[in-house]
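> For reference, the structure I am asking about is given below.
Residue numbers (my numbering), protein chains in the order written: chain A, 11 to 277; chain B, 74 to 393.
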């Protein structure tokens with residue numbers, strides 16, 4: 011299960027201010043603590059309001075790498091911002107993200123190839139997110155086909171079937187579960203399946219409960235990656251329990267601790 | 074899915090060094106290093122295994138009780154005296170590492186005291202320069218008392234002490250850590266308990282990097298296949314990143330082989346007992362090698378030779 015820590019994002023006030031003031035302590039601390047909490051990758055997003063996103067991305071990547079050569083998920087709708095980060099990454103990077111839109115694929119897939127990066131493909135295009143599962147499958151297939159043409163290994167491709175807030179579009183939650191199962195069948199071996207988990211509970215009460223319940227449901231149908239809050243202990247305990255119950259990790263009485271040790275790569 | 078992962082595993086089995094040289098505070102003239110591989114046993118085309126499996130010969134502080142006439146034929150001359158036995162095992166039989174089994178401390182044998190056992194260990198250490206594994210009698214309370222005394226008496230020698238199980242691991246881990254030794258984590262043919270005992274021992278502050286796992290086994294024909302599956306599954310988990318299972322394995326397959334009736338009594342139709350008994354140990358030990366054993370404790374010097382030949386042949390770099 012690939013876990014991407016979501017905390018280094020300019021949408022959060024502390025990060026936004028740290029970027030504005032070039033205060034690397036805040037960023038290094040977030041990086042290190044997320045890695046210790048079990049993140050495999052760190053999402054890096056300068057936020058929508060950064061005046062010069064390219065420079066901000068460069069500064070963020072460098073600031074994080076002062077704390078360690080951690081794997082980074084470069085998160086931006088703008089390819090030039092992602093490219094600025096890719097150039098600086100010391101560990102295998104992850105591009106977050108492309109859509110099925112031809113212009114995006116043609117820009118981002120060559121970058122993934124050049125930097126041997128993992129890449130997230132969102133099951134949407136320039137027309138937005140299709141309501142029907144069959145249409146999302148089609149877009150996922152387009153992304154897979156294009157990525158394969160660029161010699162990107164299937165093991166580096168993460169398809170995101172896109173979850174919407176349950177308070178806005180409740181019927182999406184079960185549809186996405188269905189999509190996860192279907193997308194897994196698109197190729198052999200199957201691509202990875204990822205969700206931006208916190209979306210499911212936007213503007214809801216009991217967000218943590220919704221997040222961890224949905225994550226376990228999605229894991230049961232084949233989700234094997236997520237962007238999430240690794241500081242949420244109960245969420246992480248649910249992940250470790252689901253891993254064990256899905257027979258992905260070997261059971262022992264201390265299975266939660268065993269999972270933490272497996273994930274904690276910086277002691 | 075799992076296989077695809079393993080083709081390029083970045084995860085290593087821990088590397089464990091047994092024996093401390095003089096400059097490290099011990100008195101050994103050689104060391105044995107096991108583990109360190111990032112691939113399945115002898116899959117040398119898909120990864121690296123810097124340390125081929127090591128072979129130990131077992132000796133004991135008194136003759137093997139109720140054992141095979143073949144062992145008496147080979148060890149009978151020396152088995153009244155562990156020092157002579159140790160010397161012969163190294164000088165004549167070529168053992169690189171010895172396992173001293175303190176059977177005299179067993180309550181059903183002589184019930185010898187931990188202090189007596191510790192003296193025996195010191196004598197053997199003085200007689201040979203190879204690293205030493207020390208096994209208690211296999212009774213949890215007595216194992217704890219005996220191994221604590223041995224750990225202290227052999228301070229700094231970096232022995233491999235066994236075994237620490239669920240009932241006694243605290244009492245053994247503490248002196249082993251204090252006096253600079255490695256530990257065998259023992260579990261009763263159960264992968265879940267194997268993982269748990271590793272966690273329990275390391276929770277006491279004893280580093281995982283100095284633990285060797287003994288998942289215990291039956292001999293050939295006596296349930297060996299259960300352990301084989303456990304070892305395979307644990308190793309696959311280790312190579313996929315489960316650090317609590319990324320430990321080298323030791324197998325006391327000699328002990329189990331020589332308990333079997335095939336090794337002890339002439340069975341009509343199965344041929345000469347001398348050959349059959351050695352082959353029984355050789356076949357069981359070879360199976361353990363293929364399952365992933367990093368250290369085998371053998372009893373018969375001919376089995377040692379057979380296994381060394383196998384390891385040498387299997388460790389040749391494959392031409393692709």
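Glycine residues also receive a C-beta, built at the ideal position from the N, C-alpha and C atoms.
1) Residues in the same chain with beta-carbon distance under 6 Å from residue 131/A, minus the five sequence neighbours each way, listed in chain order, please.
2) Counting only the same chain and skipping the five closest in sequence on each side, list residues whose C-beta sits under 6 Å from that of residue 241/A.
3) Could you tell me how far apart the beta carbons of residue 207/B and residue 194/B are, in whole angstroms, since I believe they sit closer than 8 Å?
4) Hey, which unbroken runs of the alpha helix (DSSP H) at 4 residues or more fall wholly within the segment 134-222 of chain B?
5) Scan the segment 246-266 of chain A for residues whose Cβ lies nearer than 8 Å to a Cβ of chain B and list them as they occur along the chain.
6) Three or more beta-carbon pairs under 8 Å between the segment 260-273 of chain B and the segment 330-346 of chain B, yes or no?
7) Using DSSP bridges, identify the partner residues of residue 334/A.
8) Can the beta-carbon of residue 248/B be found less than 8 Å from the beta-carbon of residue 224/B?
9) Can you check whether the C-beta of residue 271/A is within less than 8 Å of a C-beta belonging to chain B?
10) Using alpha carbons as the reference points, say which of 257/B, 388/B, 101/B and 209/B lies closest to residue 178/B.
11) Once DSSP output is grouped into helix, strand and coil, what is the label at residue 367/B?
12) Beta-carbon within less than 6 Å of residue 179/A's beta-carbon, same chain only, minus the 5 sequence neighbours each way: which residues are those?
13) Residue ranges of each beta strand (DSSP E) run of no fewer than 3 residues wholly in the segment 192-255 of chain A, ordered along the chain?
14) State yes or no: is the C-beta of residue 202/A within less than 8 Å of the C-beta of residue 167/A?
15) Taking all protein chains shown into account, do 16 or more other C-beta atoms lie within 10 angstroms of the C-beta of residue 127/A, making it buried, or fewer, making it exposed?
16) Residues of chain B with a CB under 7 Å from the CB of residue 41/A: which are they?
17) Taking any Cβ of chain A, which residues in the segment 295-325 of chain B have a Cβ under 8 Å from it, in chain order?
18) Along the beta strand (DSSP E) that carries residue 258/B, what are the first and last residues, could you check?
19) Which of the three DSSP states, helix, strand or coil, is assigned to residue 31/A?
20) For the segment 47-88 of chain A, which segments carrying the beta strand (DSSP E) assignment without a break, of at least 3 residues, lie completely within its bounds, in sequence order?
21) Keeping to the same chain, check which residues put their C-beta closer than 6 Å to that of residue 77/A; ignore five residues upstream and five downstream.
22) Closest Cβ-Cβ distance between residue 269/B and chain A: below 8 Å?
23) Kindly indicate if chain B contains any beta-carbon less than 8 Å away from that of residue 268/A.
24) From the beta carbon of residue 111/B, is the nearest beta carbon of chain A less than 8 Å away?
25) What is the DSSP secondary structure of residue 265/A, reduced to helix, strand or coil?
26) When you compare the CB positions of residue 260/A and residue 265/B, do they come within less than 8 Å of one another, or not?
27) Give the DSSP-derived three-state secondary structure of residue 274/B in the structure shown.
28) Taking the beta strand (DSSP E) that residue 286/B falls in, what are its first and last residues?
29) Is the beta carbon of residue 125/A within less than 7 Å of some heavy atom of the ligand ADP?
30) Cβ of residue 245/B within 8 Å of Cβ of residue 232/B?
31) Classify residue 121/B as buried or exposed, calling it buried when 16 or more other Cβ atoms lie within 10 Å of its own Cβ.
32) If you measure from the beta carbon of residue 272/B to each beta carbon in chain A, is any gap under 8 Å?
33) May I ask which residues mark the beginning and end of the alpha helix (DSSP H) holding residue 327/B?
34) Using a cut-off of 8 Å between C-beta atoms, extract the partners of residue 83/B located in chain D.
35) Tell me where the alpha helix (DSSP H) around residue 233/B begins and ends.
36) Assuming residue 326/B contacts residue 262/B under a Cβ cut-off of 8 Å, what Cβ separation, rounded to an integer in Å, is found between them?
A quick look at the data gives this:
1) Cβ within range, chain order: 108, 153 and 169.
2) Residues 47 of the same chain have their beta carbon placed closer than 6 Å to that of residue 241/A, with the five preceding and five following residues left out of the count.
3) 6 Å
4) 142-148, 155-164 and 187-200
5) 259, 260, 261, 262, 263 and 264
6) No contact exists between the segment 260-273 of chain B and the segment 330-346 of chain B.
7) As shown, chain A starts at 11 and ends at 277. That puts residue 334/A outside it, with no answer to give.
8) Yes, the pair counts as a contact, with Cβ atoms nearer than the cut-off.
9) yes
10) 209/B
11) strand
12) none
13) DSSP runs (the beta strand (DSSP E)) wholly in the segment 192-255 of chain A: 202-206 and 235-238.
14) yes
15) buried
16) Within 7 Å Cβ-Cβ: nothing; residue 41/A doesn't reach chain B, min ~21 Å.
17) Those residues of the segment 295-325 of chain B that come within reach of chain A (Cβ to Cβ, closer than 8 Å) are 306, 307, 310, 314, 315, 316, 317 and 318.
18) Boundaries of the beta strand (DSSP E) around residue 258/B: 255-259.
19) helix
20) 51-54 and 82-85
21) 38, 41 and 42
22) yes
23) yes
24) No, its Cβ sits nowhere closer than 8 Å to a Cβ of chain A.
25) helix
26) Result yes, Cβ atoms of residue 260/A and residue 265/B sit closer than 8 Å.
27) helix
28) 284-287
29) Among the components modelled here there is no ligand, and therefore nothing to report on the ligand ADP.
30) no
31) exposed
32) yes
33) In this chain, the alpha helix (DSSP H) harbouring residue 327/B covers 326-330.
34) Of the protein chains in this structure, namely A and B, none is chain D.
35) Where residue 233/B is concerned, there is no enclosing alpha helix (DSSP H), although the beta strand (DSSP E) it sits in stretches over 233-237.
36) Not confirmed; about 13 Å, so no contact.
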